[in-house]
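Here my numbering = 1-based position in the sequence shown + 1124. No residue lacks a Cβ here, since even glycine has one placed at the ideal position from N, Cα and C.
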Amino acid sequence: MRFLAQAGHEVIGFEQFQVGHDRGSSHGESRIIRHAYADSLYTELMGDAYPLWKQLESDAGEELLVETGSLMLGPPDHPDVAASIQALEKHGLSYETLTASDLAERYPAFKLRAGEVAIYQKDAGFLRAARCVAANVRLAKELGAELRDETPVRKITPHADGVVLWTEAGDAEWFDRAIVTAGAWMGSLLRGFQLPLRPTRQQFVYLETNGDPQNYTPAKFPVWIDAGSAESYYGFPNDGRISGIKLASHAFGPTADPDRPQRNVSPKYLAEIAAYAAGRFQGVSSHATYSATCLYTVTPDEDFILDRIPSVSNAWMVSGCSGHGFKFTVLLGKIAAELATGGAYPRDISRFALNRFQAAV
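Next up, the structure:
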């Protein structure tokens, strides 16, 4: 909405819940932002996304991006560690390889296992997710955009060089073009296209710390990813809003029905997270100060979808962010706005096209 309104277009956004709801993938205090990626394409895209977040922060006049640096933990020959180093070098981004003693001196809350290293990259941190959403909406409205919340859209059809949006109330409204970002509801909204999207239920936990409080602050506790763990654990420092450090597993959870949310975090998950934290950190207890769930919308290859909607030529979709999309949303919004208004994006993002799932779509 913001980029379209900024370009002078008349923009109306539809939200099925209230802005800032906790039913999808963008609520809560924090999301990681980083350049260190095992896939070089995403390192390249972050080069465009990072300054857009900085610009949003400046325009909003509030802190949205907390820079902590990032750590990738694991054996130096682990494929993700090696590929991340290669991607950073390819794009001219500096990094440091920290040994166990280096890490203990600089970031004393962390522990490395035998044979592991920590790859530190400074251009990283976390986005204050709920604030980012609110800032985007507020700025879009200031630029003239209209937002209709609590207005579910149930169908999108082509009509007379445009599209018709049908709401749950039965209203039909014509637009010359549409951009659809329905998250975990994308498959049901566009059910006729059999999109290869799977909503999954994810869990996250804040654990209490009992060491020196300074060791868990953004200055002493970078965002981190454990490349060597089968569960793909990752986490955050104390964010200043909820007590403790935040941890989660990126491993995809069970298939979820977004219309029937299950909010409770399982005792088994809590126990597994606590056991992991005991081996990875100093001074972190097993007591959860807060826990909650969110949704991923997963594609078979974990790449995004950014393309026209089949048979609705004036409608575009952005979806399938597969649990690593929030950090790119500001860029995806800009790209979608450009494509929908006849523009182009200079980088090759053909990997995000729907035709890669031709047999399924």
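Item: Assumed close pair residue 1271, residue 1280 - CB separation to whole angstroms, cut-off 8 Å; Value: Not really, about 18 Å apart at Cβ, beyond 8 Å.
Item: Every unbroken beta strand (DSSP E) within the segment 1128 to 1209, with a cutoff of 3 residues, ordered by chain; Value: 1136 to 1138, 1155 to 1157, 1189 to 1191, 1194 to 1198
Item: Status (buried if at least 16 other CB within 10 Å, exposed otherwise) for residue 1159; Value: buried
Item: Close beta carbons around residue 1398, own chain, < 7 Å, minus the five adjacent residues each side; Value: 1331, 1410
Item: Residues bridged to residue 1223 [DSSP beta-bridge criterion]; Value: Paired residues: none, contrary to the question.
Item: Buried versus exposed, by CB contacts within 10 Å (16 or more), residue 1482; Value: exposed
Item: Length of the line joining the Cα atoms of residue 1165 and residue 1403; Value: 33 Å
Item: Rounded distance between the beta-carbons of residue 1427 and residue 1475, thought under 8 Å; Value: 5 Å
Item: Residue burial classification, residue 1390 (beta-carbon count within 10 angstroms, cutoff 16); Value: exposed
Item: CA-to-CA distance, residue 1478 to residue 1485, given in whole angstroms; Value: Because the pLDDT of residue 1485 is 48, which lies under 50, any placement of that residue in the model is unreliable, and the number read from its coordinates should be weighed accordingly. Going by the C-alpha atoms only, they are around 8 Å apart.
Item: Assumed close pair residue 1347, residue 1328 - CB separation to whole angstroms, cut-off 8 Å; Value: In fact, because the Cβ distance is near 13 Å, the residues do not count as touching under 8 Å.
Item: Check whether residue 1454 and residue 1176 have beta carbons under 8 Å apart; Value: yes
Item: Pairwise C-alpha distance: residue 1314 and residue 1277; Value: 11 Å
Item: Extent of the continuous alpha helix (DSSP H) to which residue 1253 belongs; Value: 1253 to 1266
Item: Where the beta strand (DSSP E) through residue 1349 begins and ends; Value: 1347 to 1350
Item: Beta-carbon proximity of residue 1169 to residue 1180, cut-off 8 Å; Value: no
Item: Burial state of residue 1141 (16 or more Cβ within 10 Å); Value: exposed
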